[in-house]
Amino acid sequence: MRAVCLGGGPAGLYFAISLKRRDPSHDVVVVERNGPDDTFGWGVVLSDETLDNLKANDPESAELIRREFVYWDDIAVHYRDKVITSSGHGFCGIGRKRLLNILQDRARALGVQLQFETEAKVLEPYRDFDLIVGADGVNSRVRTSHADIFKPDVDVRACKYVWLGTNQKFDDAFTFIFEETEHGWIWAHAYQFDADTATFIVECSQATWARAGFDHIGIDETIAVCEKIFARNLGGHRLMSNARHLRGSAWLNFNRVLCERWSYRNIVLLGDAAATAHFSVGSGSKLAMESAIALAEYLHTESSMDAAFRRYEDERRLEVLRLQNAARNSTEWFENVERYLHLDPVQLNYSLLTRSQRISHENLRRRDSAWLADAERWFEKKATGQTPLANHAPMFVPFRVRSIELKNRVVVSPMAQYRAVDGNPTDWHLVHYAERAKGGAGLVFTEMTCVSPEGRITPGCTGLYRDEHEKTWKRIVDFVHAETDAKIAIQLGHSGAKGSTQLGWETMDAPLAADNWEVIGPSPVRWSPGNQMPREMNRADMDRVSDDYVRAAQMAERAGFDWLELHYAHGYLMSSFITPLTNNRTDSYGGNLENRMRFPLEVFHAVRAVWPEDKPISVRISAHDWVGADGITPQDAVAISRMLVVAGVDLIDVSAGQTSTRAKPIYGRMFQTPFSDRIRNEAGVATMAVGNIYEPDHVNSILMAGRADLVCLARPHLANPYWTLHAAADLGYEGATWPKPYLAGRDQLRRLKARAEIMAGKV
Ligand SMILES: Cc1cc2nc3c(=O)[nH]c(=O)nc-3n(C[C@H](O)[C@H](O)[C@H](O)COP(=O)(O)OP(=O)(O)OC[C@H]3O[C@@H](n4cnc5c(N)ncnc54)[C@H](O)[C@@H]3O)c2cc1C
Ligand SMILES: Cc1cc2nc3c(=O)[nH]c(=O)nc-3n(C[C@H](O)[C@H](O)[C@H](O)COP(=O)(O)O)c2cc1C
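Reminder that position 405 of the sequence shown reads as 771 in our numbering, one-by-one numbering, no gaps.
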């Protein structure tokens, strides 16, 4: 086969090597616009795992790369005159130039033809080649020449960065330095890659960059300014650029590239040309070289070029998406870093280390147990004001709000049971809530309990509008208080336009087959074409609904509930006032967000006035309508939360969606937690995260990173009411209270866990 690689970076060179190794009879040419020694950029981070892959592919070059590796284990964060270092992270680096020289020599030795200083402007001269590899980097001409086929999606990210190098040593740790300047925060990512040189990437927000005047100064002045900013860490060493070929400012925005297709006829994209990974997860070169191996391999093992391309795309795309997902989290963390710079250095460090969501709490324990133990102690001391005698996972640290102290931070999320009769809870509810309260969570929520018969979602929903309801709820609350040390919260709501619908396991949100009751809403906007048209509420309706909330709150107080939550999420009445998707009013209750919040805030104030001063009120909101700019966005959710905080809400329960049938939610592990993170750290209010959180590890990392104060689990508590007690046993936490009659079960569980750990060689 005659193959040409356009571009002689890691992708092109390593593909040429990989192809030649598999069959020396191939005729392979690499075309590179630069000379062999004038590479730009500094160090490249690889891992031992990548090196193993390279070794299996080509032991000769892998050995040379390994010999050049600089290893470092620590990550150091310099912030507010403090340096916090954690260990066990295991990186290795090599100079980009050295890496390319090794690959060039190896390619030459295998008989690859290297053509330097040759610009591949068009594909025409290469039409006689059997295979054309577009390995021409992030701004690939090969990709743009067939953009209609490859359909690239280029996302220009928000921060500005400049790649610099320095002879200052950063050989003891991968180092992040955050400096506050008069123009805003500027930070550096620094790491050693050979005996004398370290990469030093300087990054800041676009706004800071413009304020600092970096937009109209050249590279020399940029370097001079950066040297001043980071003087404390540079120890008198200079910063250096090797990108003087770039015209104008040397600052760049990172381009996240992904293409719909990577191949067309005999042309295939490879490396950055096909997909990029943000430098903060340091995997661009790894991705490029591992993809090069896969492409060469499939060209040999598959029956045709087409089949090889298909397999290459299928398999490598998965890897790319996985990495881009982690890289997106990491990129966004840096883009929003100013949100976190009020955090204590310990928490900032933890948040930074777990930013990509690839590293969890227990993972950090394996890397550096002493550091994590310190961090856990810091968390507990901050919460309780006392130095803990033993180490406890964050989920077992008490949480206090007003007079209510929760024994831990696990919450049973509100979940409709559809087992009530005329709004009255039944024995089902007694057993259901009693079980969850016995199961170890600090706080157990009731399902959405409706403030009036017509405020119910379904005929099976619980209510709190008749004396008998109060009595039945009191029996449940009394049991929880008498037999457990859990607290119990009532969630109050009104269904609005989503009312008079079927039970959850029938056709959810569809109207009843018969005996529908009238539904109301801020505007005549139905939930779906099949649902009833709600009647637009007038002032009298609003007063009545507000009075219903007040009556329910008074009943909840008499029933003995510890905590009250107003359900302002999921498209029910209050939520339908807040989102512009269902509120078209032209009076002072519609229009801008302030107006749309007016009625929900009026109801909050009315409830707060009758709810005891020493008991908390939380509000559940939908922080994202998932319909783009037409609906509530996470940014709006911060504004909503700020209004609720001013009104006196104690905690925001951050849910999302269910406000429109047009919504296109992006699901995933902990998918709503970023909204909680944003609200907590931008609006400065306690939050509760919820949504696809199911492992103790998730809970601990959310809490420790300051992404929420409490963590709500819904479905996991349906599957296992004793979720928290099991988590305690898994984590070796002995402070969880088991009901006395169950102590023998606890002891056996602990013994079995201990035995399993011994068998697994963990002890
Ligand atoms: C300037 C630069 C510096 C970098 N520095 C670092 C770093 O310090 N650390 C790190 O981890 N990652 C760095 N990266 C990112 C990482 O190296 C990339 O993810 C990785 O290099 C991808 O390999 P690649 O071969 O696909 O692309 P590249 O390494 O970008 O290689 C593409 C090659 O194609 C050549 N080329 C482009 N167009 C043409 C053309 N029309 N004709 C001929 N040749 C062409 C370019 O000169 C380049 O040598 C850097 C990237 C760039 C572009
Ligand atoms: C059966 C069921 C009923 C629910 N009922 C309510 C409810 O009454 N009020 C509410 O705010 N959320 C309700 N939810 C949403 C949950 O509280 C939670 O936000 C959602 O299930 C995501 O959490 P999870 O991934 O832990 O299940 C319900 C969820 C389920 C599964």
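Glycine included, C-beta positions come from ideal geometry on N, C-alpha and C.
Tell me whether residue i sits in a helix, a strand or coil according to DSSP, three-state version.
i	result
I823	coil
H798	helix
K526	strand
P376	helix
E650	A small correction: the amino acid at residue 650 is Gly; Glu does not occupy that position in the sequence shown. Reduced to three states, the DSSP call for G650 is helix.
E438	In the sequence on display, residue 438 carries Trp and not Glu. W438: strand per DSSP, three-state reduction.
A1145	This structure leaves residue 1145 out entirely; the chain is present only between 367 and 1129.
L534	The residue asked about is misnamed: residue 534 is Gln in this sequence, not Leu. Three-state DSSP puts Q534 in coil, outside helix and strand.
V712	helix
W699	helix
R721	coil
Y445	strand
T867	strand
F1037	coil
H455	coil
H555	strand
D1063	helix
P491	helix
D1096	helix
L809	strand
If we count the other Cβ atoms within 10 Å of its Cβ and call it buried at 16 or more, is residue i buried or exposed?
i	result
L420	buried
R721	buried
W883	exposed
E1048	buried
N774	buried
K594	exposed
L755	exposed
Q558	buried
G1034	exposed
M606	exposed
Whole angstroms is fine: what's the gap from residue i's alpha carbon to residue j's?
i	j	result
W699	W871	39 angstroms
D1016	P982	6 angstroms
T518	E679	Strictly speaking, residue 518 in this sequence is Pro, with Thr absent from that position. Going from the Cα of P518 to the Cα of E679 covers about 14 angstroms.
G407	G531	8 angstroms
K748	I552	28 angstroms
A320	A501	With the chain covering only 367 through 1129, there is no way to say anything about residue 320.
C780	V810	The sequence given here has Pro at residue 780, not Cys. Cα to Cα, P780 sits roughly 8 angstroms from V810.
Q481	R399	8 angstroms
R892	G937	11 angstroms
P900	G956	16 angstroms
F566	S384	32 angstroms
P819	T792	16 angstroms
K1106	S912	43 angstroms
G821	R910	11 angstroms
N949	S889	6 angstroms
A922	T1027	33 angstroms
D1019	G808	15 angstroms
L684	L830	50 angstroms
Check for me: the beta strand (DSSP E) holding residue i runs from which residue to which?
i	result
K853	K853 to G859
R622	L618 to C625
H933	W929 to Y934
R766	F765 to V767
Please confirm whether any heavy atom of ligand 4 lies closer than 6 angstroms to the CB of residue i.
i	result
P376	Of the ligands this structure carries, namely ligand 1 and ligand 2, none is ligand 4.
With DSSP as the reference, identify every bridge partner of residue i, one or two as the case may be.
i	result
K840	According to DSSP, which records beta bridges pairwise, K840 is partnered with nothing at all.
N790	V787
D1019	R986 and M1054
D519	L624
E902	G887
F544	W553
Within 7 angstroms (strictly less), CB to CB, does residue i reach chain C?
i	result
D389	Here chain C cannot be found, since the structure has a single protein chain.
If you follow the alpha helix (DSSP H) that residue i is part of, which residue opens it and which one closes it?
i	result
E923	R905 to A925
V976	R964 to V976
H1083	R1081 to A1085
W737	S735 to T750
E668	Note, E668: premise wrong, no alpha helix (DSSP H); not H, not E.
F943	L939 to I944
L420	D414 to N423
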